[in-house]
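In the working numbering, each residue carries its 1-based index in the sequence shown increased by 933.
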Amino acid sequence: MAECIKCHDSCKNCNGLTNTSCTDCVSPYKLIEAEQKCIVVEGCPIGYFEDVDLQCKPCHEYCITCINTPTQCPKCKAKYFKQYRGLGCVDSCPRGLYGNYMTQGCAANPIVTSMFPEDSTIFSYGEFIDLYATFEVLNQEPRETYDYGWIISKLNSNIDLAKDATKPYFGTDITRVHLDNNILEPNNYYNITFFVKGKNTFYNGMLGSMYNVIYIGIPPKNGKCSISPGQGIATVT
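Structural data, given as structure tokens:
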């Protein structure tokens, strides 16, 4: 027959292997819920908050400290971020925002403000193709914390040709480049993407990009080349 043991004097109620496994405390003791202990403290330890019953309850796992509820957190643990327009801590930010490990806040992604060539531009094979883009970072992010560049691929292909296909101009950065005609193949659509991406050491999910699709027609023989990208056919006249 099981024997009933009186709870410890600090416990109002207990439930466990010992009489100090408290579920509620007598005043002035406070319950450390995760440890089922009643202790005398002026305030709850770091990582706990005092509820309406004057008991110490644990903060959310992403929070260093919290007030009134587990998710009302003035400070987050490392690698977590203050909730955008909220009181808690999160491990990632909403769509359109990225997490800044230095400030532990959510901020707006950079934007690509313009790009050339325009979408659906048609080029003859061998024609000189110039690419350029402009972008804006919206939170004064230091230049060394992000990268930018181009992605060139055939339509419906994941193979990036940018390393071989893009050629920078002397004395300029890679916001303006031209395409190597020896790399591009005739009678093909190409995705042209410009991106701005935060380095993972500093940011979580920082990315802004714009892409357009261009078409490269087949090479002309004798005469003028009439390009029909909708059908993928060029007619020599």
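Think of the CB as a built atom: it goes at the ideal place given N, C-alpha and C, for glycine as much as any other residue.
Item, Value
"Alpha-carbon to alpha-carbon, G1032 and G1038", "6 Å"
"Distance, C989 Cα to P961 Cα", "12 Å"
"DSSP state of T1134 mapped onto helix, strand, coil", "coil"
"Residue of D1080, G1021 and I1116 minimising C-alpha distance to G1059", "I1116"
"Where I1196 falls, given that 16 or more other Cβ within 10 Å makes a residue buried", "As displayed, the chain neither begins before 934 nor continues past 1170, which places residue 1196 out of reach and without an answer."
"For G1029: DSSP bridge partner residues", "The partner list for G1029 (beta bridge, DSSP) is empty, contrary to what the question assumes."
"Between the CA atoms of C1009 and T1054 - distance to the nearest angstrom", "48 Å"
"Y898 vs I1085 beta-carbon contact at 8 Å", "Since the displayed the chain opens at 934 and closes at 1170, residue 898 lies outside it and no answer follows."
"Bridge partner(s) assigned by DSSP for L1140", "K1130"
"Per-residue burial, I1151 [other beta carbons within 10 Å of its own, 16 or more giving buried]", "buried"
"P1075 Cβ short of 7 Å to the ligand SAH heavy atom set", "No copy of the ligand SAH appears in this structure; indeed no ligand is present at all."
"Contact set for N1114: own chain, Cβ-Cβ below 7 Å, skip 5 residues either direction", "G1059"
"Under the three-state DSSP convention, the category R1076 falls into", "helix"
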